Structures are given as structure tokens and as C-alpha cells.
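*Asks:* Numbering (the numbering used here), first residue to last: 353 to 884. Cβ atoms here follow ideal geometry from the backbone N, Cα and C, with glycine treated the same way. What you are looking at is a predicted structure, and each value in this text was computed from that prediction instead of being measured. Let me begin by handing over the structure; questions about it come next.
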Ligand code: FAD
Ligand code: DLZ
Ligand code: SF4
């Protein structure tokens, strides 16, 4: 008779998970805290605390529902500290003859599960059905298309689900209201306060364990305020729908020097670990539009992120891996700038985006794309260094969503599969969308000279360096026209300015590791914490 071990990973904390839905009465459910998952990149302490606290609460909820649960803690003496070997150890402990697991969020684990080859203890891998689409659905959609553009995928998704559809037509008469969603920051804006989540004894112990085991990682648990139960995640969802959604669209691209969240939902971590479903968050936003509480550009803008972008990047990831991870179309070779680990820079926009990341394990999309991402693109940071950083520092980061965003959207490393052109921008864009520049020692209006915003010369330098292949891109014709019309002396001065900046840029191969530039000692993570 079959007796399965049902492995539930840290990002599969949903009662609707296929493994749990199909559980026979004799099944044993395993949740495993393992050091390997916390260390393969040096995850932010909030992220580790989130996983430990949420997994412990989920195990408790499963027991209350009558499941037999084995929970391995980091301190268990016999813990093997690797997901695969720990699942096999527990299976043998309970006399299970099969391990069942839903598709994990990262290809490395999926591959490792597929490669196990023990007839006495086979792994049975199931499709994760908690998304709107499966990788097979995406593959069918992509089949035969020359370009895999989000917009067409998204329209199909709207038609398939009926979300914001009125018969065969999109609600509001248009598929996409992005044009209305580009308002910059304004001084008079007031942003909603966040709900404050109570830390019960389970949460307190999980945070203490995270700090005790991983004290060398970025961040401090002092200001941890992520939802760790479904109940807390629902509080965040309702709070966003009541207080953030109406302005979500309009200020989606704005950047603030002081406010980390603006009108963003801050729901990504809860969605990605399974405390919320993408269906319920989209339906909640749609309902508010039909109730007349929020404008169409807000509801559509939000639903496009979840039903469109989130599903699209997942489809790309699973259909393009593993070769996707090796892509580096522009041939970038630079290590990560050292200040990405400690925010020690005089460029105000970068300082604020990275400090907010250190404080909250969160930065909103435009900070990731147009500040830290744009800077890395202009400097030519190599994909594996940048991807590891985004994967480590954000509580919502899982490779299926982080990799396409970083490698495809930010670094254009996939040759335009994901985005039709690189999201490169000068200081002028950041000045327009944010209030950073007024606090900065540099001027966004100057391109050369000691006060010139570094983004400006780097921008032209990037275009010049990568003219082949980028100047053939029809969407970049205009900007290459400007570059080509520039006087030789000006071009030369800009090139020198950028090269000087890049030559003195200190880089670091990893958190706490020595920097590449001689004469600079990166602060250790401890010193780093004390200085905050
Ligand atoms: P909101 O702005 O409120 O958006 C609502 C929801 O839409 C998000 O919660 C998220 O689920 C979804 N969403 C929005 N944009 C995207 C997108 N581009 N791709 C996929 N889903 C999206 N998101 C992650 O969830 N995990 C990551 O590891 C991650 N890494 C990123 C790395 C880079 C370089 C960039 C540019 C973006 C990355 N994103 C990632 C996408 C996006 O930045 C975050 O989803 C968003 O900032 C989370 O904050 P929020 O919940 O307040 O989002
Ligand atoms: C991110 C993370 C961390 C820090 N710890 C664990 C853990 O102890 N046990 C676990 O099952 N999952 C953890 N995770 C999430 C995993 O990295 C994630 O489940 C895989 O990357 C697959 O998506
Ligand atoms: Fe950033 Fe340049 Fe503005 Fe300074 S001047 S905040 S470096 S864009």
C-alpha cells in the first residue's frame, strides 16, 4: 500500500496545494527548515524570519486540520540541512514509500528532485496549480510566436479568466491604462500607514532563531512587519484594497525619498509563499471597480501586474530554463558595486533605495527597475552577480520571478525576449519621477564635471558601448540619432567622465567578501549593522 510523504516547501504554504488536496489518510506531511535554503544566497534576515515564522504557523494550522506533520527545525540534531536529503530521511523515519512534491519555485530544486533515482523511494512530482496558468499553458501560448510580448499574453489571460471583461470587450473600453499611470511624486501626497502585525510566541521564536543562526546576513529583525499567517495576509490585502488601490495606478511609477511603499500593495511576499492566492487578490480589486470605489486605471493596473506580469515571468522562467540563466547578450563582466550591500554611496537615489532594502527587505518595482537595476545596467554588472543580489535581499524573491525581471527586464541579457528595449535612463528620468535629486550632492542637469549626476555620462557611455546591437532596435532610433549628432568633443568628454567613474567604482563579489578595488575595506556585516 502506498504511504506518501508530502513535502511542503517554504513557498507552498497554501491549504489548496495539490499535494495536500490529494492527501490520503495515511500521509505524513513534512516541512523542513534547512540551512542550505537560507545560505545558497545570503538572504536578508527578514526573508529568513518570514519563512521560518510562516512555516511554523502553517505546520500548526495543518495539525489543527488533522494532518500528521513532521516539522524539522534548524536546531534538530539529526537535520541534514538540505531539502532533498531531509525529505528522504523523514520518509524513511515514517516508513513512507513515496515522496510527493508540487513543482518548487526554483529550477535547481526541481532538477534535483527529478534526478533522484531510488526505486525504493521514488519522487512523484505534481504540477503546482495555484497560479492562473501552468508552464504547459504558457508553452502552448508561446508556441510559434516570434515575440513573447506581455501585452498579448495578458489579453489572452483577461479573456480566459473573464477578469475586467464585459462580454468580449475589456472593461472601460481599453486593455491597458498605462498611459494614465505615470504621475511623478508630489509634495502633498499622503500614503496609507501599514497595518502592524502582532508577533505571537511562534513568530518571536522564529525571528530570534533567524537572527541567532544568520546574524551575518543583511538586516535586523527589529522592524520586521511581514504577514506570517493567512489571517495577517488577509489584513494586508483588505488594507491595500481599502486604502492603496484607488491611487495605485496613478502613482505606480513614482519614487519617494522618504516613503518606501507609496500606494503599492506590498502583497508580493504573501502571494509568493502561498498565504494569498493570485485569484483572490485580482477578484478583490475587480470587485472594487464594479462597486464604483476605484477608477479603472487603478484596478486594471493592479490586475495587469498579477494576472499579466506575474504569470508571464513564471511562464518564461519555466519554458526558458536552464539556458535562460546563462544568457548575457551584452557581455557584462563587472562584479556588483560594493555599496549594494551597505548603501554607502553619495548618489541619493541609490542610497535611499538600498537603505530601504536593508531596512525592510522591500523596494517597489520602480526602485528595483529604474534605480538599482538601471545603474547596474549602465555599469554592465554581470547577470549572476545582480541576480544573486536581488534573490538575497528581497523577502518576495524566488528565482521564478526574480530571474526574468533581473536578467530579462533589467539587464536585457536575454536579447530582447522579455523586453523590446533596455530600460536604460539618465538622471533626468529619476529627477522627473522622484524627489531624490533635490537632496543629492549631484546635479541631474549636468553631464560632465565634478557635480554631474553619474547616471548621465553612464547613460551615453552605455549607448555608445552597446551601439551594436542596440542601434538596430527601432525603438532606440531616436536616441541613437541624438548620440550621432553629438559633437565629437562633447562625446569624448562624456566618455572620459563615465570611464573615470567606472574605474574608481568599488565592487564586491559578495556580501562580506573583500572588494576588488585596492585600498578599500568593505565594512563587515556586523559593523554595518552597528552603524545603522
Ligand atoms: P505592487 O506594485 O503592489 O504590484 C502588485 C503585485 O503584482 C505584486 O505583489 C506582484 O505579485 C505582482 N508584480 C508586479 N510587478 C511584477 C513583475 N514585474 N513581475 C512579477 N510580478 C509582478 N517580484 C517578486 O515577487 N519577486 C521577486 O523576486 C522580484 N524580483 C524583481 C527584480 C527586479 C530587478 C525587478 C525590476 C522586479 C522584481 N519583482 C519581483 C517585481 C516587482 O518589483 C515586485 O513584485 C513588487 O515590487 C512587489 O511589491 P508589491 O507587492 O508592493 O507590488
Ligand atoms: C527561502 C527559504 C528559506 C530561507 N528557508 C527555507 C527552509 O528552511 N525550508 C524550505 O522549505 N524553504 C525555505 N525557503 C524557500 C525555498 O528556498 C524555496 O521553497 C525554494 O527555493 C523553492 O521555491
Ligand atoms: Fe540620483 Fe543623479 Fe538624482 Fe543624485 S542627481 S539623486 S545620483 S539621479
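1. Kindly indicate which three-state DSSP category residue 487 falls into: helix, strand or coil?
2. Among residues of its own chain, excluding the 5 on either side of residue 700, which ones have a beta-carbon nearer than 6 Å to its beta-carbon?
3. Does any CB atom of chain B fall closer than 8 Å to the CB of residue 553?
4. Run the CB neighbour count on residue 359, radius 10 Å, all protein chains shown included, and call it buried at 16 or more, exposed below.
5. Measure the C-alpha to C-alpha separation of residue 881 and residue 680 and round it to an integer number of angstroms.
6. Would you report the Cα separation of residue 491 and residue 740, rounded to the nearest angstrom?
7. What residues sit near ligand 3, counting only those whose C-beta is closer than 7 Å to one of its heavy atoms, in chain order?
8. Buried or exposed: which applies to residue 698, given that a residue is buried once 16 or more other Cβ atoms fall within 10 Å of its Cβ?
9. What are the boundary residues of the alpha helix (DSSP H) that includes residue 478?
10. DSSP three-state label for residue 450, please.
11. Please tell me whether, using a cut-off of 7 Å, the distance from the CB of residue 458 to the nearest non-hydrogen atom of ligand 2 is below it.
12. According to the Cβ coordinates, are residue 702 and residue 733 closer than 8 Å?
13. Which runs of the alpha helix (DSSP H) at least 4 residues long sit entirely within the stretch 404 to 434? Give them in chain order.
14. Provide the residue span of the beta strand (DSSP E) that contains residue 382, from first to last.
15. I need the DSSP call for residue 370, collapsed to helix, strand or coil.
16. What's the gap between the Cα of residue 536 and the Cα of residue 851?
17. For residue 693 and residue 860, which I take to be in contact (beta-carbon distance under 8 Å), what is that distance rounded to the nearest angstrom?
18. Exposed or buried, residue 632, counting other C-beta atoms within 10 Å across all chains shown (16 or more means buried)?
19. Three-state secondary structure (DSSP) at residue 502?
20. Mapping DSSP to helix, strand and coil, what is residue 765?
21. Could you round the C-beta distance between residue 706 and residue 727 to whole angstroms and report it? I think they count as a contact, below 8 Å.
22. Check whether the stretch 507 to 524 and the stretch 633 to 649 are in contact - that is, three or more C-beta pairs closer than 8 Å.
23. Using a Cβ distance threshold of 8 Å, determine whether the stretch 745 to 759 contacts the stretch 399 to 413, with at least three qualifying pairs required.
24. Compute the minimum distance between the beta carbon of residue 720 and the heavy atoms of ligand 1, and state whether it is under 7 Å.
25. Grab me the residues of residue 867's own chain with a C-beta within less than 6 Å of its C-beta, minus the 5 sequence neighbours each way, in chain order.
26. How many whole angstroms separate the CB atoms of residue 551 and residue 584, which I take to be in contact at a CB cut-off of 8 Å?
27. What ranges does the alpha helix (DSSP H) occupy inside the stretch 627 to 684, keeping only unbroken runs of at least 4 residues that lie completely in it?
28. DSSP three-state label for residue 699, please.
29. Is DSSP giving residue 735 helix, strand or coil here?
30. Do the CB positions of residue 626 and residue 366 come within less than 8 Å of each other?
31. Between residue 433 and residue 388, what straight-line distance do the alpha-carbon atoms span, to the nearest angstrom?
*Replies:* By the coordinates alone:
1. Residue 487: helix per DSSP, three-state reduction.
2. Cβ within range, chain order: 788, 791 and 792.
3. The structure shown contains no chain B; it is built from a single protein chain.
4. Its Cβ being crowded by 16 or more others within 10 Å, residue 359 is buried.
5. Because residue 881 carries a pLDDT of 37, less than 50, the predicted location of this residue cannot be relied on, and the following value inherits that uncertainty. Residue 881 and residue 680 have their C-alpha atoms some 34 Å from each other.
6. Each residue's alpha carbon lies about 27 Å from the other.
7. Output, sorted by chain position: 699, 700, 701, 702, 779, 782, 783, 788, 789, 792, 794, 795, 796, 805, 806 and 807.
8. Classification of residue 698: exposed, given that the 10 Å Cβ count is below 16.
9. Careful: residue 478 lies outside any alpha helix (DSSP H), inside the beta strand (DSSP E) at 475 to 478.
10. Reduced to three states, the DSSP call for residue 450 is strand.
11. Shortest gap from the CB of residue 458 to any heavy atom of ligand 2: under 7 Å.
12. Judged by their CB atoms, residue 702 and residue 733 are not nearer to each other than the 8 Å cut-off.
13. Counting only runs of 4 or more, we get nothing.
14. Counting along the chain, residue 382 sits inside the beta strand (DSSP E) bounded by residues 380 to 384.
15. Helix.
16. Cα-Cα distance, rounded: 31 Å.
17. At roughly 6 Å, the Cβ-Cβ gap stays under 8 Å, so residue 693 and residue 860 are in contact.
18. By the beta-carbon neighbour count (other beta carbons within 10 angstroms, threshold 16), residue 632 is exposed.
19. DSSP places residue 502 within a helical segment (H, G or I) once states are collapsed to three.
20. Assignment of residue 765 by DSSP, reduced to helix, strand and coil, places it in the coil class.
21. Contact check for residue 706 and residue 727: beta-carbon distance about 10 Å, past the 8 Å limit, so the pair fails to qualify.
22. Yes, they touch.
23. At 8 Å Cβ cutoff, the stretches touch.
24. Between ligand 1 and residue 720, a heavy atom-to-CB distance of less than 7 Å is present.
25. Bear in mind that the predicted position of residue 867 carries a pLDDT of just 47, short of 50, making it unreliable; the figure below should be weighed with that in mind. Within the same chain, Cβ atoms closer than 6 Å to the Cβ of residue 867 are found at 690, 858, 860 and 874, the five residues on either side in sequence being excluded.
26. Cβ-Cβ separation between residue 551 and residue 584: approximately 10 Å, too far for a contact (criterion under 8 Å).
27. Segments of the alpha helix (DSSP H) lying fully in the stretch 627 to 684: 630 to 642, 648 to 655 and 663 to 672.
28. In the structure shown, the three-state DSSP call for residue 699 is coil.
29. Residue 735 falls in the helix class under three-state DSSP.
30. With respect to residue 366, residue 626 sits close: the two C-beta atoms are nearer than 8 Å.
31. Straight-line Cα distance between these residues: approximately 6 Å.
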